[in-house]
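Numbering (the working numbering), first residue to last: 346 to 555.
Glycine is no exception: its CB is placed at the ideal position from the N, C-alpha and C atoms.
A quick note: this is a predicted structure, and the numbers were derived from the prediction, not measured.
Listed below in structure tokens is the structure:
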């Protein structure tokens, strides 16, 4: 009998024009550099060479821009999450997803830190149901959704290790491969995955997600 469950709406599924995408990319850069609270409509307009009115025409409020930026960035992980959820082996699923989370954080270092720790983004996303559903699925796959201090501490540790490390000045001179392998090793211990060669796992994850 076919399932009657409605498909979950994907993050970033709202169609965006080329002009809106330029605005969102510029906003992300400004948010990462100045923080959301210190970024104005005028700064975004100046960054892409348009009037402030043109930005208002695309997005009615800055909150809308913030949500759209977050969805645009996090939607990159949705394919990996769905691929992991489709696997029968829980360990393989978690390995696949963890690799992709680390890949994304390393490839988008400043964005990863901003999305996790900017207070305005944190507040808005905590009230945004599509994001909350996405996070529940993501963390449920990586750590488990059972209540209790063990799960809470693992989630907090994973968030801090990934988001805090990729943008830290101490690792600014590390190349992406080195940082990725070190983070994978540390994150794997946090989520209690069996020891696997980080370099070999990273290559495997890229093959699966290709």
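From the options, residue whose alpha carbon lies closest to that of residue i
| i | options | result |
| --- | --- | --- |
| residue 389 | 474, 371 and 406 | 371 |
| residue 468 | 488, 384, 520 and 408 | 408 |
| residue 364 | 384, 381, 402 and 527 | 402 |
| residue 430 | 525, 508, 483 and 499 | 483 |
| residue 462 | 516, 393, 380 and 478 | 380 |
For residue i, three-class secondary structure by DSSP
| i | result |
| --- | --- |
| residue 433 | coil |
| residue 488 | coil |
| residue 428 | helix |
| residue 464 | helix |
| residue 418 | helix |
| residue 509 | helix |
| residue 533 | helix |
| residue 453 | coil |
| residue 494 | helix |
| residue 406 | coil |
| residue 359 | coil |
Residue range of the alpha helix (DSSP H) that includes residue i
| i | result |
| --- | --- |
| residue 402 | 397–403 |
| residue 473 | Premise fails: residue 473 is in no alpha helix (DSSP H) and is neither H nor E. |
| residue 520 | Premise fails: residue 520 is in no alpha helix (DSSP H) and is neither H nor E. |
| residue 375 | 363–379 |
| residue 383 | Residue 383 -> no alpha helix (DSSP H), and no H or E assigned at all. |
Euclidean distance between Cα positions of residue i and residue j
| i | j | result |
| --- | --- | --- |
| residue 368 | residue 481 | 29 Å |
| residue 411 | residue 374 | 12 Å |
| residue 442 | residue 465 | 27 Å |
| residue 396 | residue 437 | 49 Å |
| residue 539 | residue 533 | 7 Å |
| residue 356 | residue 494 | 29 Å |
| residue 362 | residue 537 | 42 Å |
| residue 420 | residue 400 | 23 Å |
| residue 454 | residue 510 | 9 Å |
| residue 446 | residue 427 | 13 Å |
| residue 502 | residue 520 | 23 Å |
| residue 549 | residue 387 | Because the pLDDT of residue 549 is 44, which lies under 50, any placement of that residue in the model is unreliable, and the question is left without a value. |
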